[in-house]
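At position 311 of the sequence shown (counting the first as 1) the number is 311 in full-length UniProt numbering, and the numbers step up by one without a gap.
By construction, the Cβ of each residue, glycine as well, lies at the ideal position given by its N, Cα and C atoms.
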Amino acid sequence: MIQQLPEEFLSRMKDMLQEEYPAFMESYQNPRHFGLRVNTKKISVEDFLKISPFHLTPVPWIRNGFYYAEEDRPSRHPHYAAGLYYLQEPSAMTPADRFPVNPGEFVLDLCAAPGGKATELGAKLQGEGLLVANDLSASRARALLRNLELCGIPNTIVTNETPARLSQYFPEFFHKILVDAPCSGEGMFRKDPEVAKTWDPSRPAAFARTQREILSCAVSMLKPGGKLLYSTCTFSPEENEEVIGWLLAQFPQMRLLPIAPYEGFSKGIPAWGNGDPRLETCVRIFPHHMDGEGHFLAFLEKSGDLVSSPSLCRAAKPDRAQQKLLEEFFQDVAMSLAAERIEVRNQNVYYLPQTDTHALKGLHFLRNGLFLGELKKNRFEPSQPFALALSMDQYASVLNLSSSDERVSRYLRGETILTEPGECTRAKGWQLVCTDGYPLGWGKLVGQTLKNKYPAGWRKNS
1 MIQQLPEEFL
11 SRMKDMLQEE
21 YPAFMESYQN
31 PRHFGLRVNT
41 KKISVEDFLK
51 ISPFHLTPVP
61 WIRNGFYYAE
71 EDRPSRHPHY
81 AAGLYYLQEP
91 SAMTPADRFP
101 VNPGEFVLDL
111 CAAPGGKATE
121 LGAKLQGEGL
131 LVANDLSASR
141 ARALLRNLEL
151 CGIPNTIVTN
161 ETPARLSQYF
171 PEFFHKILVD
181 APCSGEGMFR
191 KDPEVAKTWD
201 PSRPAAFART
211 QREILSCAVS
221 MLKPGGKLLY
231 STCTFSPEEN
241 EEVIGWLLAQ
251 FPQMRLLPIA
261 PYEGFSKGIP
271 AWGNGDPRLE
281 TCVRIFPHHM
291 DGEGHFLAFL
301 EKSGDLVSSP
311 SLCRAAKPDR
321 AQQKLLEEFF
331 QDVAMSLAAE
341 RIEVRNQNVY
351 YLPQTDTHAL
361 KGLHFLRNGL
371 FLGELKKNRF
381 EPSQPFALAL
391 SMDQYASVLN
401 LSSSDERVSR
411 YLRGETILTE
421 PGECTRAKGW
431 QLVCTDGYPL
441 GWGKLVGQTL
451 KNKYPAGWRK
461 NS
């Protein structure tokens, strides 16, 4: 692996690390670490450990993070399809873990795909307030949406916009903003050797320009008194201390805050920036100090008094016939849904977040709220995201199967499955299909046969 690293990168790291450089290089001989973060929106860490079949070791600085053995293959387990955990490199768990997000706040993840940090921020909100998750790439934004839906995060707006355009719609709107900035990716060379192949000495400067532009937009969208967390997965001072030093000089209303410590964290180095002594408050993660890849974090606050925005919602109401169909289905749903937040658009039914989103006309978004389902002739068909946002006790009729039951794998492949008498709560109609007590999707019972409603785009190939 060492021979594959760019010479210019190695020369700079040697200058940066001095006597620590040999230990840094030795870390590249170690195997990469595989991480799993428990989705506390759906399950507590304690309850997850009771049902998990994996070989797990706690990530010591992440309250709900674990290392797993490569042979565990957790992406193939039914608990993954139930959204009980997210697979994420351990150091990459740190920004969202250290960001103090509270239920009811308005939160922006500005560079959110594929969703590792957004799903954790959404879990912290616990369905209250608003999470705007944005990514400039349309394909990456679609992956972001899927992961938010899989994790059962209901109060989201998923956008596909430039930060500059987004800032026109959300001036001083958010309590919290996370900027996990696009970067040269030097901290990921061990995890993904292909990143090293695309690196060249010009990349840090190019990314630093982009990072400054993104941060300028983020500051404009942050409420007075709001907090911002900036992170990268690179070692480059040009993208880390230099960018934060520039931010502090450019925006005097921003100040650095301390980050909850861990013994393996390293301080920022003011000399690697503009010499501002406040840069020591930043955090660096080096792979020779802890079991994770390279990362950088800076936690900032905007001066002023934090004032909450009013929670408003103006939904396009269903007509009388649509309302009747919805009432028939939702009489079996125990989730608390405010009528004024249910909107029908082109026969699709959404549960909007707690804010007035009609002011967002012209903004390109993939999803505004929780997609509940579709109105068809004389019936309502619930959606896959809605199933994953429910808990097992929130629907009146359930088929709950053990994750070891071969019918679970067949269900996830889209196959029709047979049920035993009494297995389903009701003898016919819609069933919330669960594994080990956690929803996977929908099925419709006819006799003892469960017609599979698991969407084609979600199915496992094997």
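Quiz prompt | Pick from E186, F207, A205, A206 that is closest to K197, judged by C-alpha positions | solution = Residue mapping note: residue 197 aligns to position 197 of the sequence shown, counting from 1. Residue E186 is the option with its Cα nearest to K197.
Self-check item: Whether F24 touches H288 by CB criterion (9 Å)
Solution: Locating residue 24 in the sequence shown gives position 24, counting from the first residue. Locating residue 288 in the sequence shown gives position 288, counting from the first residue. Going by C-beta atoms, F24 is nearer than 9 Å to H288.
Quiz item: How long is the line joining the alpha carbons of T281 and K302, rounded to whole angstroms?
Solution: Here residue 281 corresponds to residue number 281 of the sequence shown, with the count starting at 1. Here residue 302 corresponds to residue number 302 of the sequence shown, with the count starting at 1. Taking the straight line joining both Cα atoms gives about 16 Å.
Practice problem: Write down every uninterrupted run of the beta strand (DSSP E) in the segment 86-154 whose length is 3 residues or greater and which is fully enclosed by it, in chain order. | Solution: 106-109, 130-134
Exercise. Express the C-alpha separation of G264 and Q3 in angstroms, rounding to a whole number.
Key: The residue labelled residue 3 in the question sits at position 3 within the sequence shown. The residue labelled residue 264 in the question sits at position 264 within the sequence shown. Summary for Q3: the model assigns pLDDT 49, below 50, so the residue's position carries little reliability; its value from the coordinates is reported in the next sentence. Those two C-alpha atoms are separated by around 27 Å.
Quiz item: So is H55 buried or exposed if we call it buried at 16+ other beta carbons inside 10 Å?
Solution: The sequence position of residue 55 within the sequence shown is 55, counting from 1. Answer is exposed; the Cβ neighbour count stays below 16.
Self-check item: Nearest candidate by alpha-carbon position, reference D97, set S231, R413, R459, L326
Solution: Taking the first residue of the sequence shown as 1, we reach residue 97 at position 97. Of the listed residues, the one whose Cα sits closest to D97 is S231.
Quiz item: Where do the ends of the alpha helix (DSSP H) carrying E70 lie?
Solution: Numbered from its first residue, the sequence shown carries residue 70 at position 70. E70 -> no alpha helix (DSSP H), and no H or E assigned at all.
Self-check item: V408 vs L375 beta-carbon contact at 9 Å
Solution: Within the sequence shown, numbered from 1, the residue matching residue 408 stands at position 408. Within the sequence shown, numbered from 1, the residue matching residue 375 stands at position 375. Not in contact: V408 and L375 (Cβ atoms no closer than 9 Å).
Exercise. Look up H79 in the DSSP assignment and say whether it is helix, strand or coil.
Key: By 1-based counting over the sequence shown, the position of residue 79 is 79. Helix, per DSSP.
Exercise. Compare the Cα-Cα distances from F371 to each of Q88, V344, S391 and report the closest residue.
Key: Taking the first residue of the sequence shown as position 1, residue 371 is located at position 371. Among Q88, V344, S391, the Cα nearest to that of F371 belongs to V344.
Exercise. Between the Cα of S137 and those of H364, L222, K444, spot the shortest distance and give me the residue it belongs to.
Key: Counting from one through the sequence shown, the residue named residue 137 turns up at place 137. S137 has its Cα closest to that of H364, out of H364, L222, K444.
Self-check item: CB contact flag (V283, K176, <9 Å)
Solution: The sequence position of residue 283 within the sequence shown is 283, counting from 1. The sequence position of residue 176 within the sequence shown is 176, counting from 1. Cβ atoms of V283 and K176: not closer than 9 Å.
Quiz item: The beta strand (DSSP E) spanning P382 covers which residue range?
Solution: Sequence index remark: in the sequence shown, residue 382 carries index 382 (1-based). That run of the beta strand (DSSP E) goes 379-382.
Quiz prompt | Host alpha helix (DSSP H) of R165 (start-end) | solution = On the sequence shown, residue 165 is found 165 positions in, with the first residue counted as 1. 163-169 is the span of the alpha helix (DSSP H), which, as asked, contains R165.
Quiz item: CB-CB under 6 Å to V219, same chain, minus the five flanking residues each way: which ones, in chain order?
Solution: As a first step, residue 219 must be located in the sequence shown, where it is residue number 219. These residues qualify, in order along the chain: F251.
Self-check item: Three-state secondary structure (DSSP) of M290
Solution: Within the sequence shown, the letter at position 290 stands for residue 290. M290: coil per DSSP, three-state reduction.
Quiz item: Can you tell which of T94, E381, P421, A113 has the C-alpha that lies nearest to the C-alpha of F286?
Solution: Position 286 of the sequence shown, counted from the first residue, corresponds to residue 286. Answer by Cα proximity: T94.
Quiz item: Where L10 and E19 are concerned, what is the direct C-alpha to C-alpha distance, given to the nearest angstrom?
Solution: As a position in the sequence shown, residue 10 is number 10, starting the count at 1. As a position in the sequence shown, residue 19 is number 19, starting the count at 1. Taking the straight line from one Cα to the other gives about 14 Å.
Practice problem: Rounded to whole angstroms, what's the CA-CA distance from P90 to G65? Just pull it up for me. | Solution: Indexing the sequence shown from 1 puts residue 90 at position 90. Indexing the sequence shown from 1 puts residue 65 at position 65. C-alpha separation (whole angstroms): 7 Å.
Quiz item: Whose C-alpha, out of L110, K361, E241, P114, is nearest the C-alpha of L178?
Solution: Mapped onto the sequence shown, residue 178 falls at position 178. The shortest C-alpha separation from L178 is found at L110.
Quiz item: Which same chain residues, not among the five before or five after N155, have their C-beta less than 8 Å away from its C-beta?
Solution: As a first step, residue 155 must be located in the sequence shown, where it is residue number 155. Once the five neighbours on either side are set aside, the close Cβ partners of N155 are G122, L125, G127, E128, G129, L130, L131, P353, Q354, G369, L370.
Practice problem: With F24 as the anchor, note down where its alpha helix (DSSP H) starts and where it stops. | Solution: Within the sequence shown, residue 24 is the residue found at index 24, counting from 1. Looking at the DSSP string, the run of the alpha helix (DSSP H) that includes F24 is 21-27.
Practice problem: Classify Q331 as buried or exposed, calling it buried when 16 or more other Cβ atoms lie within 10 Å of its own Cβ. | Solution: The residue labelled residue 331 in the question sits at position 331 within the sequence shown. So Q331 ends up on the exposed side.
Quiz item: Touch check for the segment 32-43 and the segment 72-92: three-plus C-beta pairs under 8 Å?
Solution: yes
Quiz item: Which residues bound the beta strand (DSSP E) around R212?
Solution: Within the sequence shown, the letter at position 212 stands for residue 212. Not the beta strand (DSSP E): R212 falls in the alpha helix (DSSP H), residues 203-221.
Quiz prompt | 9 Å Cβ cutoff met for P270 and P277 | solution = Position 270 of the sequence shown holds residue 270. Position 277 of the sequence shown holds residue 277. A contact, by the Cβ cut-off of 9 Å.
Quiz prompt | CB contact flag (residue 468, K42, <9 Å) | solution = In the structure as shown, the chain begins at 1 and stops at 462. Residue 468 is therefore absent and cannot be evaluated.
Exercise. Return the CA-CA distance between A164 and R209, expressed in angstroms with no decimal places.
Key: One-based indexing of the sequence shown puts residue 164 at position 164. One-based indexing of the sequence shown puts residue 209 at position 209. Each residue's Cα considered, the two are about 14 Å apart.
Quiz item: Skipping 5 residues on each side, what residues in its chain have a beta carbon closer than 6 Å to that of L108?
Solution: Reading the sequence shown from its first residue, position 108 is the one you call residue 108. The residues are V132, F174, I177.
Quiz item: On the premise that Y28 lies in contact with R190, defined as a C-beta separation below 8 Å, what is that separation, rounded to the nearest angstrom?
Solution: Residue numbering aside, residue 190 sits at position 190 when the sequence shown is read from its first letter. Residue numbering aside, residue 28 sits at position 28 when the sequence shown is read from its first letter. Correct: roughly 6 Å between the Cβ atoms.
Exercise. Count the other CB atoms, across all protein chains shown, that sit within 10 Å of the CB of T119; report buried if there are 16 or more and exposed otherwise.
Key: Position 119 of the sequence shown holds residue 119. With 16 or more Cβ atoms within 10 Å of its Cβ, T119 is classed as buried.
Practice problem: Return the CA-CA distance between P204 and E242, expressed in angstroms with no decimal places. | Solution: Stepping through the sequence shown from its first residue, residue 204 is reached at position 204. Stepping through the sequence shown from its first residue, residue 242 is reached at position 242. Whole-angstrom Cα-Cα distance: 11 Å.
Exercise. Report yes if the CB atom of L279 is closer than 9 Å to the CB atom of L256, and no otherwise.
Key: As a first step, residue 279 must be located in the sequence shown, where it is residue number 279. As a first step, residue 256 must be located in the sequence shown, where it is residue number 256. For L279 and L256, yes; Cβs fall inside 9 Å.
Self-check item: Candidates E239, D180, D436: closest to A206 by CA position
Solution: In the sequence shown, the residue the question calls residue 206 occupies position 206. Nearest C-alpha to A206: E239.
Quiz item: Is F173 helix, strand or coil when you go by DSSP?
Solution: As a first step, residue 173 is located in the sequence shown; it is residue number 173 there, counting from the start. Of the three classes helix, strand and coil, the one that applies to F173 here is coil, per DSSP.
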